[in-house]
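Participant: Take any residue in the sequence shown, count from 1 to its spot, add 1457: that is its number in this note's numbering. Below are the structure tokens for one structure; questions will follow.
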Amino acid sequence: MWLVERDLHGWSSLDRSVGSMSPDDVSELNDMCKTITVGLGALIAMYVLGGVTARHEIFPWPQLSVLRKTFGAEKAAPPSRYTFDDKERLIGDETKTPVTCPTQTDRTAVLLILGQSNAANDGGQRHRSSYGARVVNAFGKQCFIAASPLLGSTDTKGEYWTLLGNKLIASGQNDSVILAPLAYSGSEVARWAAGGDLNPVLVDTMKQLQASGYRITSVLWVQGEKDLVIGTTAEAYRQRFMSMVDTLRQHGVGAPVYISIASKCLEPSNGGFKEHIPDNAIVRAQLALSKSGHGIREGVNSDALLDGDDRYDDCHIGGTGAEKVSQAWLTLLRGDRRLEPSG
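See below:
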């Protein structure tokens, strides 16, 4: 057999050992070297192939991933208090307190809240009802004491609608407030128009409220940032928004629709631009729509109202912003109390 010896200077030269080997020993050594080389090559190839196939989802990685999941090699996700639907909308929260839905009177506000992230659960401050079951979150023909995050919208952070509900009661405007949010982070107006994927969800939400005995008193629309980024024209925005309004009217909602002036969401990390241009196609469309009749009114101008300190990440509304926006909505809704909705 061949032998590799070690001397005081480290490994002795292989040729000194090889010189004393028989031809059979040399052949065996060569075979062993080839085997080691092939094995190392295979390991390197498997490492590279695994990285590439995992990154690009090509054979055999997807198949191996399925096998891992099938045989339990992959750890299950840790439990969460939240439940979401297939569109990532929050539909369950173990901490919610169910209550009997308040009976609607002429002093009840039923607010249908629509839009994207600044109408959803993306706020920097959470709020809860200061009046127990007098401010509720209506969802799925049930009512829950209002508390961030609200069921019906995406994400699980804060929101300012509960704060608005508290203000409406504290001001004496209403005895009870029903919050019915349906807001999707990052949604463009086309998704809300007839033919869009959110239009049927809107219809279903209206039907659930009606089945619960509620007549919507105001529709609050906070959206536009996404459309500015993707380059929606003023005319396209107008047509798609009116299509959504037509959906509301066709399903018996005669309440005023408040369209916010909302187009500002900065920084690429939020899907926005570095700087904001106040005079843009979306703002022009929103302002024109608010003066077009059809029961459409101007909502809160968050573009102008909020400064840099009011948006915790240059886009989404923080604690000071929530205070400003909820107060502005209160002023609008109190001022329009005399204009009762029909239907």
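No residue lacks a Cβ here, since even glycine has one placed at the ideal position from N, Cα and C. Model, not experiment: these values are computed from the prediction.
Under 8 Å, do Asp1579 and Lys1544 count as touching if we go by C-beta distance?
Facilitator: What you label residue 1579 is simply residue 122 of the sequence shown in a count that begins at 1. What you label residue 1544 is simply residue 87 of the sequence shown in a count that begins at 1. Contact: no.
Participant: Determine the direct distance from the alpha carbon of Gln1630 to that of Val1782, and round the result to whole angstroms.
Facilitator: Along the sequence shown, one-based indexing puts residue 1782 at 325. Along the sequence shown, one-based indexing puts residue 1630 at 173. Each residue's alpha carbon lies about 17 Å from the other.
Participant: Leaving out five residues before and five after Phe1541 in sequence, what residues of the same chain have Cβ atoms less than 7 Å from its Cβ?
Facilitator: Translated into positions along the sequence shown, residue 1541 becomes position 84. Result list for Phe1541: Leu1547, Ile1548, in chain order.
Participant: Where does His1773 land, buried or exposed, given buried means 16+ other C-beta within 10 angstroms?
Facilitator: For the purposes of this step, residue 1773 is taken as the residue at position 316 of the sequence shown. The residue in question, His1773, is buried, as its Cβ has 16 or more Cβ neighbours within 10 Å.
Participant: Under 8 Å between the Cβ atoms of Glu1755 and Ser1747?
Facilitator: The sequence position of residue 1755 within the sequence shown is 298, counting from 1. The sequence position of residue 1747 within the sequence shown is 290, counting from 1. Yes, they are a contact pair.
Participant: Got a sec, what are the start and stop residues for the beta strand (DSSP E) Ile1774 sits in?
Facilitator: In the sequence shown, the residue the question calls residue 1774 occupies position 317. It is not in any beta strand (DSSP E) - Ile1774 carries neither H nor E in the DSSP assignment.
Participant: Which residues in the same chain have their Cβ closer than 7 Å to the Cβ of Gly1572, if we skip the five residues on either side of it in sequence?
Facilitator: For the purposes of this step, residue 1572 is taken as residue 115 along the sequence shown, with counting starting at 1. Answer for Gly1572: Ala1640, Trp1678, Val1679, Gln1680, listed in chain order.
Participant: Identify the continuous alpha helix (DSSP H) that holds Thr1565 and give its terminal residues.
Facilitator: Here residue 1565 corresponds to residue number 108 of the sequence shown, with the count starting at 1. Where Thr1565 is concerned, there is no enclosing alpha helix (DSSP H), although the beta strand (DSSP E) it sits in stretches over 1565–1572.
Participant: How would you call Ile1687, buried or exposed, if buried means at least 16 neighbouring beta carbons within 10 angstroms?
Facilitator: Looking up residue 1687 in the sequence shown gives position 230. Its Cβ having fewer than 16 others within 10 Å, Ile1687 is exposed.
Participant: Can you tell me whether Ser1759 is buried or exposed? The criterion is at least 16 other CB atoms within 10 Å of its CB, across all chains shown.
Facilitator: On the sequence shown, residue 1759 is found 302 positions in, with the first residue counted as 1. Burial call: buried.
Participant: Along the chain, where does the alpha helix (DSSP H) that runs through Trp1618 open and close?
Facilitator: Translated into positions along the sequence shown, residue 1618 becomes position 161. Element bounds for Trp1618: 1618–1627.
Participant: Please classify Glu1692: does DSSP put it in a helix, a strand, or coil?
Facilitator: Taking the first residue of the sequence shown as 1, we reach residue 1692 at position 235. DSSP places Glu1692 in helix when its eight states are reduced to three.
Participant: Between Leu1705, Val1714, Ala1647, Pro1735, which has its C-alpha nearest Asp1684's C-alpha?
Facilitator: Along the sequence shown, one-based indexing puts residue 1684 at 227. When each option's Cα is compared against that of Asp1684, the closest is Ala1647.
Participant: Whose C-beta lies closer than 8 Å to the C-beta of Glu1514 among residues of the same chain, with five residues either side of it excluded?
Facilitator: Working through the sequence shown from its first residue, we reach residue 1514 at position 57. Any reading at Glu1514 must be qualified, since the residue scores a pLDDT of 49, below 50, and its modelled position is unreliable; the value itself is stated next. The answer is none, since no qualifying residue turns up.
Participant: Touching or not, the stretch 1553–1567 and the stretch 1696–1707, by the rule of three or more beta carbon pairs under 8 Å?
Facilitator: Flag = no, the stretch 1553–1567 and the stretch 1696–1707 do not touch.
Participant: Quick one, which of Met1699, Pro1725, Tyr1588, Tyr1715 has its alpha-carbon nearest Thr1674's?
Facilitator: Against the sequence shown, residue 1674 aligns to sequence position 217. Here the closest residue by C-alpha is Tyr1715.
Participant: Using 10 angstroms around the beta-carbon of Arg1538, count the other beta-carbons present and answer buried if the total reaches 16, otherwise exposed.
Facilitator: On the sequence shown, residue 1538 is found 81 positions in, with the first residue counted as 1. Looking at its Cβ environment, which holds fewer than 16 other Cβ atoms inside 10 Å, Arg1538 is exposed.
Participant: Work out the CA separation of Ser1700 and Asn1656 for me, nearest whole Å.
Facilitator: Your numbering for residue 1656 matches position 199 in the sequence shown. Your numbering for residue 1700 matches position 243 in the sequence shown. Each residue's alpha carbon lies about 10 Å from the other.
Participant: Can you check DSSP and say which residues form a bridge with Asp1550?
Facilitator: The residue you call residue 1550 lines up with position 93 of the sequence shown. Tyr1539, per the DSSP bridge assignment.
Participant: So Leu1636 packs on Trp1649, CB below 8 Å; how close in whole Å?
Facilitator: Start at 1 with the first residue of the sequence shown, and residue 1636 comes out as number 179. Start at 1 with the first residue of the sequence shown, and residue 1649 comes out as number 192. That belief does not hold up - the Cβ atoms of Leu1636 and Trp1649 are roughly 19 Å apart, past 8 Å.
Participant: How far does the alpha helix (DSSP H) with Ala1742 in it reach, from first residue to last?
Facilitator: Counted from its first residue, the sequence shown places residue 1742 at position 285. First-last of the alpha helix (DSSP H) with Ala1742: 1738–1747.
Participant: If we ignore side chains and look at the alpha-carbon of each, how far apart do Thr1565 and Ala1577 end up?
Facilitator: By 1-based counting over the sequence shown, the position of residue 1565 is 108. By 1-based counting over the sequence shown, the position of residue 1577 is 120. In a straight line, the C-alpha of Thr1565 is about 22 Å away from that of Ala1577.
Participant: Let's see if you can read the secondary structure: which residues bound the beta strand (DSSP E) around Ile1716?
Facilitator: By one-based count along the sequence shown, residue 1716 stands at place 259. Note, Ile1716: beta strand (DSSP E), 1714–1716.
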